[in-house]
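Student:
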Amino acid sequence: MKETNKWINALAYIVFFIPLLVDGENEEYKFHTNQGLSLLILTVLVSIVGSFVPVIGWFLILPIGGLFCFVLFIMGVINAINEKMKELPIIGKYRLIK
Numbered sequence: 292m293k294e295t296n297k298w299i300n301a302l303a304y305i306v307f308f309i310p311l312l313v314d315g316e317n318e319e320y321k322f323h324t325n326q327g328l329s330l331l332i333l334t335v336l337v338s339i340v341g342s343f344v345p346v347i348g349w350f351l352i353l354p355i356g357g358l359f360c361f362v363l364f365i366m367g368v369i370n371a372i373n374e375k376m377k378e379l380p381i382i383g384k385y386r387l388i389k
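Heads up, the sequence shown is in our numbering, so the first residue is 292 and it goes up one at a time.
(1) Taking the alpha-carbon positions, what's the I322 to F361 distance?
(2) Just the C-alpha distance for L311 and W298, rounded to the nearest angstrom, thanks.
(3) Could you say which of A301, I305 and I381 lies nearest to G356 if we only look at CA atoms?
(4) L353: which of V335, L330 and M366 sits nearest, CA to CA?
(5) Does the region 328–348 come into contact with the region 367–387, if we say contact requires no fewer than three beta-carbon pairs (one atom in each stretch) closer than 8 Å?
(6) Measure how close the beta-carbons of F359 and Y304 come, nearest whole angstrom, since I'm counting them as under 8 Å.
(7) Secondary structure at I305, three-state DSSP: helix, strand or coil?
Printed below as a string of structure tokens:
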């Protein structure tokens, strides 16, 4: 795989749709785009739930959920750079992009 492809896959975890704009038919791009979109949805859900649940949300849900999302982000970027199509824990099994 070319060096640029690694970084395009890694971009899927920051701006999930970029790899699809580059080549929407590439299976590896689709895989990492799907993982990035799943991670984005999880991060938004953690933020919403943590914001609406007083005290417990602010001191427990947001910090722990945020740390969990950050760890998943790092795992995804490392997998993309190492050219591995390895699903992220918990959220990786969901296919949002076919």
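Here a beta-carbon is modelled for each residue, glycine too, at the ideal position from N, C-alpha and C.
Bear in mind that the values here come from a model prediction, so they are computed numbers and not experimental data.
Tutor: Reading it off the structure:
(1) Counting from one through the sequence shown, the residue named residue 322 turns up at place 31. Counting from one through the sequence shown, the residue named residue 361 turns up at place 70. Contrary to the premise, residue 322 reads as Phe rather than Ile in this sequence. Cα to Cα, F322 sits roughly 19 Å from F361.
(2) In the sequence shown, the residue the question calls residue 311 occupies position 20. In the sequence shown, the residue the question calls residue 298 occupies position 7. Computed Cα separation, rounded: 13 Å.
(3) Your numbering for residue 356 matches position 65 in the sequence shown. When each option's Cα is compared against that of G356, the closest is I381.
(4) The sequence position of residue 353 within the sequence shown is 62, counting from 1. Among V335, L330 and M366, the Cα nearest to that of L353 belongs to V335.
(5) yes
(6) Residue mapping note: residue 359 aligns to position 68 of the sequence shown, counting from 1. Residue mapping note: residue 304 aligns to position 13 of the sequence shown, counting from 1. About 15 Å separates the two Cβ atoms, so there is no contact after all.
(7) Sequence index remark: in the sequence shown, residue 305 carries index 14 (1-based). Correct three-state label for I305: coil.
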